[in-house]
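These notes concern the structure reproduced below.
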Amino acid sequence: MCLGFSKNLPRPPKPKSRSAIVDWFKRDEWPRGTGQDPKTKMPAPWFHGIISRDQAEILLQDKPTGSFLVRVSERIWGYTVSYVVGDGTFKHFLVERIPEGSSLQTAPITARGGEVLKWSVGQMFRPPDYHDIVPELAIPDANRLLGRF
Numbered sequence: 012m013c014l015g016f017s018k019n020l021p022r023p024p025k026p027k028s029r030s031a032i033v034d035w036f037k038r039d040e041w042p043r044g045t046g047q048d049p050k051t052k053m054p055a056p057w058f059h060g061i062i063s064r065d066q067a068e069i070l071l072q073d074k075p076t077g078s079f080l081v082r083v084s085e086r087i088w089g090y091t092v093s094y095v096v097g098d099g100t101f102k103h104f105l106v107e108r109i110p111e112g113s114s115l116q117t118a119p120i121t122a123r124g125g126e127v128l129k130w131s132v133g134q135m136f137r138p139p140d141y142h143d144i145v146p147e148l149a150i151p152d153a154n155r156l157l158g159r160f
């Protein structure tokens, strides 16, 4: 997944509604391959839909340090990386989508923090939380999904 890091760039207006985010993701992001496993073109194990901070923390609960997921943000045109830190608490890192984009994989989140994303946390419920933003043909059937927990 290509995620962009921006500094000192003008910010676009915030999304006005959940439906605006759904439309943006379906129209612009999914066709670019965002949230997809590059080999299978299916949703990546770490990818989640528009879920709240609280929902992300439920999914990350009792997971080891370095466990993470990437969710479509409710607040910006972009994403939130949610992850477990050393003391078992959670951090949430907003990542805005910019055309230049850069990859965020097993690298420190912050220069001082030394956090490393190690274990992806996938879907735990049916339907998957991305069901409203991903084309139906790309949603794994129940048998294949069970192997991803």
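When we follow the working numbering, the leftmost residue of the sequence shown carries the number 12, and every step to the right adds one.
All C-beta atoms, glycine included, are put in the ideal place defined by N, C-alpha and C.
Here the segment 41-53 does not lie against the segment 61-68, with fewer than 3 beta-carbon pairs under 8 Å apart. Distance from the CA of Ile144 to the CA of Phe101, rounded to the nearest whole angstrom, comes to 25 Å. For the options Lys129, Pro146, Val92 and Phe104, the alpha carbon positioned closest to that of Phe58 is the one of Val92. Apart from sequence neighbours up to five positions away, the residues of its chain that approach Thr76 with a beta-carbon distance below 7 Å are Val95, Val96 and Gly97, ordered along the chain. Exclusion of the five residues before and after Phe36 leaves Val83 and Ile144 as the residues of its chain whose Cβ lies within less than 7 Å of its Cβ.
Residues of the same chain with a CB within less than 7 Å of the CB of Pro151, apart from the 5 flanking positions on each side, are Met53 in chain order. Collapsing the DSSP output to three states places Lys102 in a strand.
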